[in-house]
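Quick notes on the structure that follows.
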Ligand code: PRP
Ligand code: ZN
């Protein structure tokens, strides 16, 4: 395979998405080795290279065709998308790096509804998304564009309010701020531009995508095993969320059967208690590492 047929993926070097991105690629079976520098990994077993960068640089790297794909937060993508003449395609949501872009203000700020934002100044490193939100809601507020440590802007009297990412909410509470309104929910997504990939790269992307889907599906799925009296089976099957036909194995010692089933949804304690009440015993719930449907 030619060197230029290697699919290049930009991921965040460190921060909200860094670890999750690398873990996901490794769960997809990529054996990654540092090449050239610690900013560049090469997969040994698939034609894929990984570039470790600042998340805010990922849309530019894709638009400039330096990388083919990126793993980036929807927040970054939507903030920057309008700056480029081409379209970005979000290929798949990856389920990690979840956060929200929200307007927040001092705990003592008297917030009633969006009208309360009129006449205020709002500090943000998301000026494009904030501007769009303000104009869509006819709010007359000014934007103070700052690139980092947005949460200290009200204390420094740089702005009345802020518009920033919130995940656990810790940063807000540490700075005596409260969340007022959520503009956008965000998570990590795999993205490319609208430009077509070469045949070789498209084939590699198809393999990667199948594996990502398998990893995501496995994360949500559980393998459930239990014993049950034959006559209770019909009842029990109604209690199992997101399952297909179970495997039923007779037990040698009594008239019970062993049931094996894959649940595609979370299995909660309540479900197990209901199963037990319906006659199931020796219930085991096991994680699934890989899945291909
Ligand atoms: C965001 C945001 C806050 C923090 C909020 O920064 O600017 O500082 O996360 O998270 P919390 O609610 O869990 O406290 P991030 O780490 O994403 O850095 P970046 O925006 O500079 O990439
Ligand atoms: Zn960033």
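Numbering (the numbering used here), first residue to last: 36 to 328.
All residues carry an ideal CB built from backbone N, CA and C; glycine is no exception.
Source: prediction; values computed, not measured.
Could you tell me the alpha carbon to alpha carbon distance between residue 90 and residue 264, rounded to whole angstroms? Here residue 90 refers to the residue found at position 55 when the chain shown is read from its first residue. Here residue 264 refers to the residue found at position 229 when the chain shown is read from its first residue. When the Cα atoms are used, residue 90 and residue 264 turn out to be separated by approximately 55 Å.
Would the stretch 120-128 count as touching the stretch 168-180 if we require 3 or more Cβ pairs under 8 Å? Output reads no: the stretch 168-180 does not touch the stretch 120-128.
Give the secondary structure of residue 166 by DSSP, where H, G and I count as helix, E and B as strand, and everything else as coil. Along the chain shown, read from residue 1 onward, the residue named residue 166 stands at position 131. Reduced to three states, the DSSP call for residue 166 is helix.
Sorted by chain position, which residues of the same chain lie with C-beta nearer than 7 Å to residue 256's C-beta, five sequence neighbours on each side aside? The residue labelled residue 256 in the question sits at position 221 within the chain shown. Exclusion of the five residues before and after residue 256 leaves 297, 298, 299, 323 and 326 as the residues of its chain whose Cβ lies within less than 7 Å of its Cβ.
Simplified DSSP assignment, three categories, for residue 217: Here the question's residue 217 lines up with position 182 in the chain shown. The three-state secondary structure of residue 217, taken from DSSP, is strand.
So does residue 218 have its beta carbon nearer than 6 Å to some heavy atom of ligand 1? Position 183 of the chain shown, counting from 1, holds the residue named residue 218. No, since every heavy atom of ligand 1 falls outside the 6 Å radius drawn around the Cβ of residue 218.
Cβ-based neighbour list, residue 84, same chain, cut-off 8 Å, excluding 5 preceding and 5 following: Working through the chain shown from its first residue, we reach residue 84 at position 49. Residues 41, 42, 43, 44, 70, 75, 76, 77 and 78 of the same chain have their beta carbon placed closer than 8 Å to that of residue 84, with the five preceding and five following residues left out of the count.
Could you say which of 231, 320, 319 and 293 lies nearest to residue 104 if we only look at CA atoms? As a first step, residue 104 must be located in the chain shown, where it is residue number 69. By alpha-carbon distance to residue 104, the top candidate from 231, 320, 319 and 293 is 231.
On the CB-based measure, 16 or more other CB atoms within 10 Å of its CB, does residue 283 come out buried or exposed? Residue mapping note: residue 283 aligns to position 248 of the chain shown, counting from 1. With fewer than 16 other Cβ atoms within 10 Å, it is exposed.
Is it true that the CB of residue 142 sits closer than 7 Å to the CB of residue 213? Start at 1 with the first residue of the chain shown, and residue 213 comes out as number 178. Start at 1 with the first residue of the chain shown, and residue 142 comes out as number 107. Yes, they are a contact pair.
Since residue 135 sits in a beta bridge, which residues does DSSP pair it with? Within the chain shown, numbered from 1, the residue matching residue 135 stands at position 100. Looking at the DSSP output, residue 135 bridges to 201 and 220.
According to DSSP, simplified to helix, strand and coil, what is residue 160? Here residue 160 refers to the residue found at position 125 when the chain shown is read from its first residue. When DSSP states are grouped into helix, strand and coil, residue 160 belongs to the coil group.
Measure the Cβ-Cβ separation of residue 260 and residue 106 and say whether it is below 7 Å. Residue mapping note: residue 260 aligns to position 225 of the chain shown, counting from 1. Residue mapping note: residue 106 aligns to position 71 of the chain shown, counting from 1. No, they are not a contact pair.
Residue 62 versus residue 157: straight-line alpha-carbon distance, rounded: Along the chain shown, one-based indexing puts residue 62 at 27. Along the chain shown, one-based indexing puts residue 157 at 122. When rounded, the distance between both Cα atoms is 41 Å.
Does residue 302 come out as helix, strand or coil in the three-state DSSP assignment? What you label residue 302 is simply residue 267 of the chain shown in a count that begins at 1. Here residue 302 sits in coil by DSSP.
Neighbourhood of residue 252 by C-beta distance below 8 Å, restricted to the same chain and skipping five residues each side: As a first step, residue 252 must be located in the chain shown, where it is residue number 217. Cβ contact annotation for residue 252 (same chain, cutoff 8 Å, sequence separation greater than five): 299, 326 and 328, in chain order.
Which value, in whole angstroms, describes the spacing of the CA atoms of residue 273 and residue 267? Here residue 273 corresponds to residue number 238 of the chain shown, with the count starting at 1. Here residue 267 corresponds to residue number 232 of the chain shown, with the count starting at 1. Rounded to the nearest angstrom, the two C-alpha atoms are 11 Å apart.
Same chain, Cβ closer than 6 Å to residue 190, five either side skipped, listed in chain order: Your numbering for residue 190 matches position 155 in the chain shown. The beta carbon of residue 190 is closer than 6 Å to none in its chain, skipping five residues each way along the sequence.
Tell me where the alpha helix (DSSP H) around residue 267 begins and ends. Stepping through the chain shown from its first residue, residue 267 is reached at position 232. Annotation for residue 267: no alpha helix (DSSP H) segment contains it, and DSSP assigns it neither H nor E.
Less than 7 Å between C-beta atoms, sequence neighbours within five positions excluded: which residues of the same chain meet that for residue 310? Counted from its first residue, the chain shown places residue 310 at position 275. Cβ-Cβ distances below 7 Å link residue 310 to 261, 271, 274 and 318 in the same chain, with the five nearest sequence neighbours on each side left out; the list follows chain order.
Quick one: what's residue 107 bridged to in DSSP? Taking the first residue of the chain shown as position 1, residue 107 is located at position 72. 224, per the DSSP bridge assignment.
Please check the pair residue 109 and residue 222, which I expect to be a contact at CB under 8 Å, by giving their CB distance rounded to whole angstroms. Along the chain shown, read from residue 1 onward, the residue named residue 109 stands at position 74. Along the chain shown, read from residue 1 onward, the residue named residue 222 stands at position 187. Between residue 222 and residue 109 the Cβ distance is about 6 Å, and since that is below 8 Å, they are a contact.
Determine the burial state of residue 184: buried for a count of at least 16 other Cβ atoms within 10 Å of its Cβ, exposed for fewer. Mapped onto the chain shown, residue 184 falls at position 149. With fewer than 16 Cβ atoms within 10 Å of its Cβ, residue 184 is classed as exposed.
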